[in-house]
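Here the structure comes first, spelled out in structure tokens, and everything after it is commentary.
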Amino acid sequence: MVAPNPTRQKAAREALARVFAQPTTVFVIHYACEHFDQGQGYASPRITAIALRNLGTGVTTSFSIHVEVELARRRDHDVATLDASEHTMLARFYDFLARHPYATFLHWNMRDEKFGFAALAHRFALLGGAPVTLHETQKLDVSRTFVEMFGSGYVAKPYLETLAATNGLSTSGFLSGLHEAEAFTAGQYYNVLQSVLCKVTLIAEVAARASDRTLVTDAGWWTLNGGQLREAYELFWRNPVRAISGLVFGVGSAAFLLVIKFMS
Numbered sequence: 364m365v366a367p368n369p370t371r372q373k374a375a376r377e378a379l380a381r382v383f384a385q386p387t388t389v390f391v392i393h394y395a396c397e398h399f400d401q402g403q404g405y406a407s408p409r410i411t412a413i414a415l416r417n418l419g420t421g422v423t424t425s426f427s428i429h430v431e432v433e434l435a436r437r438r439d440h441d442v443a444t445l446d447a448s449e450h451t452m453l454a455r456f457y458d459f460l461a462r463h464p465y466a467t468f469l470h471w472n473m474r475d476e477k478f479g480f481a482a483l484a485h486r487f488a489l490l491g492g493a494p495v496t497l498h499e500t501q502k503l504d505v506s507r508t509f510v511e512m513f514g515s516g517y518v519a520k521p522y523l524e525t526l527a528a529t530n531g532l533s534t535s536g537f538l539s540g541l542h543e544a545e546a547f548t549a550g551q552y553y554n555v556l557q558s559v560l561c562k563v564t565l566i567a568e569v570a571a572r573a574s575d576r577t578l579v580t581d582a583g584w585w586t587l588n589g590g591q592l593r594e595a596y597e598l599f600w601r602n603p604v605r606a607i608s609g610l611v612f613g614v615g616s617a618a619f620l621l622v623i624k625f626m627s
């Protein structure tokens with residue numbers, strides 16, 4: 364296990380703190396798709412379900428092919444039907460984004476054109492839509508943030524499932540990405556949607572525990588704090604006068620606050 368870099372660890376904690384300072388403006392997002400190597404005529408896998416959970420209220424909004432097929436009262440699942448349903452689903456999703464232009468989105472590894480916001484935009488554009496663009500400052504990758512906070516290997520892979528088990532969180536309905544794709548191929552659309560709903564709940568819960576510093580991981584005290592002690596040690600040898608001055612100032616400030624509290 365590699366200990367976190369103190370500077371990046373601090374930045375990650377601050378980023379998470381900013382998110383929880385205004386939780387009603389934040390949505391946890393996750394989605395499911397077909398197999399990445401599904402072997403059809405187009406290179407990108409079809410998007411099958413998307414869920415967004417408001418971090419403050421817990422209200423969850425979902426979009427899925429399953430729902431669109433039901434609303435259209437279609438029983439056939441040919442390519443044309445699925446394309447039309449996917450287009451409508453993504454149009455609803457991007458309308459949601461357009462109505463929340465200043466929101467922040469927490470996600471789990473949605474970083475590139477294989478699996479991420481870029482993949483969603485590509486699919487919608489491929490189907491004739493005009494995707495809404497999110498600024499990078501509106502996105503926070505919880506998975507990467509945890510690595511910066513707790514160090515690499517902070518739990519065993521797969522990280523999200525292990526975090527759920529370690530922290531006693533429910534995984535009812537959870538399917539791996541591979542099993543979501545298999546369920547969709549088998550026509551089990553409802554199971555795919557339930558899995559995505561489970562995942563946004565899990566991401567919200569582990570993020571909240573990390574923010575409260577109650578998330579259980581395999582990272583020990585030394586892994587989490589050793590880098591800061593090492594930096595303090597290096598600072599002392601580079602500039603002992605500055606280090607001692609800082610220590611004296613810190614102790615003096617603490618003592619002053621205690622005196623003020625006692626006198627009041």
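Adding 363 to a residue's 1-based position in the sequence shown gives its number in the numbering used here. We treat Cβ as the ideally placed atom computed from N, Cα and C, and that holds for glycine.
| Item | Value |
| --- | --- |
| Hey, residue 497 and residue 513 are a contact pair by Cβ (cut 8 Å); roughly how many whole angstroms apart? | With a Cβ gap of about 26 Å, residue 497 and residue 513 do not count as contacting. |
| Do we get a CB-CB distance below 8 Å when we pair residue 396 with the residues of chain C? | Among the chains in the structure shown there is no chain C, since it carries only a single protein chain. |
| Which two residues bound the contiguous alpha helix (DSSP H) that contains residue 411? | That residue, residue 411, is in no alpha helix (DSSP H); its beta strand (DSSP E) goes 410-417. |
| Can you give me the C-alpha to C-alpha distance between residue 456 and residue 524, rounded to a whole angstrom? | 26 Å |
| Quick check: the Cα distance between residue 468 and residue 527, rounded to an integer number of angstroms? | 21 Å |
| Roughly how many angstroms lie between the CA atoms of residue 462 and residue 489, to the nearest whole one? | 23 Å |
| Write down the C-beta distance between residue 572 and residue 578 rounded to the nearest angstrom, noting that I regard them as a contact closer than 8 Å. | 4 Å |
| Hey, which unbroken runs of the beta strand (DSSP E) at 3 residues or more fall wholly within the region 497-541? | 502-504 |
| Consult DSSP for residue 425 and reduce its assignment to one of helix, strand or coil. | strand |
| Going by beta carbon distance, what residues of the same chain come within less than 8 Å of residue 536, once the five residues before and after it are set aside? | 554, 557, 558, 560, 561 |
| By the 10 Å Cβ neighbour count, where 16 or more other Cβ atoms means buried, how is residue 593 classified, buried or exposed? | Bear in mind that the predicted position of residue 593 carries a pLDDT of just 48, short of 50, making it unreliable; the figure below should be weighed with that in mind. Exposed, because fewer than 16 other Cβ atoms sit within 10 Å of the Cβ of residue 593. |
| Cα-Cα, which of 419, 409, 396, 372 is closest to residue 390? | 419 |
| Would residue 385 be called buried (16 or more neighbouring beta carbons within 10 Å of its own) or exposed? | exposed |
| What separation, rounded to the nearest whole angstrom, lies between the Cα atoms of residue 510 and residue 375? | 9 Å |
| What's the call for residue 416, buried or exposed, on a 16-neighbour Cβ count within 10 Å? | buried |
| Cβ of residue 529 within 8 Å of Cβ of residue 465? | no |
| Does DSSP put residue 580 in a helix, in a strand, or in coil? | coil |
| Spatial neighbours of residue 423 within its chain, please: CB distance less than 8 Å, with the 5 preceding and 5 following residues excluded, ordered by chain position. | 414, 415, 416, 417, 560, 563, 564 |
| When you compare each of 396, 580, 581 to residue 482 by their alpha carbons, which one comes out closest? | 396 |
| So, is residue 381 buried or exposed, given that buried needs 16 or more other C-beta atoms within 10 angstroms? | exposed |
| Please give the ranges of any alpha helix (DSSP H) in the region 446-505, keeping only runs that are unbroken, at least 4 residues long and fully inside the region. | 480-489 |
| Please work out which residues of its chain come closer than 7 Å, Cβ to Cβ, to residue 399, disregarding the five sequence neighbours upstream and downstream, and give them in chain order. | 408, 477 |
| Could you tell me which of 540, 503, 437 sits nearest to residue 521, measuring between CA atoms? | 540 |
| Helix, strand or coil: how does DSSP classify residue 395 here? | strand |
| Using beta-carbon positions only, say whether residue 379 and residue 570 come within less than 8 Å of one another. | yes |
| Determine the direct distance from the alpha carbon of residue 544 to that of residue 507, and round the result to whole angstroms. | 24 Å |
| Alpha carbon to alpha carbon, how far is residue 429 from residue 495? | 23 Å |
| So, for residue 460: in the same chain, excluding its five sequence neighbours on each side, which residues have a beta-carbon less than 6 Å away from its beta-carbon? | 495 |
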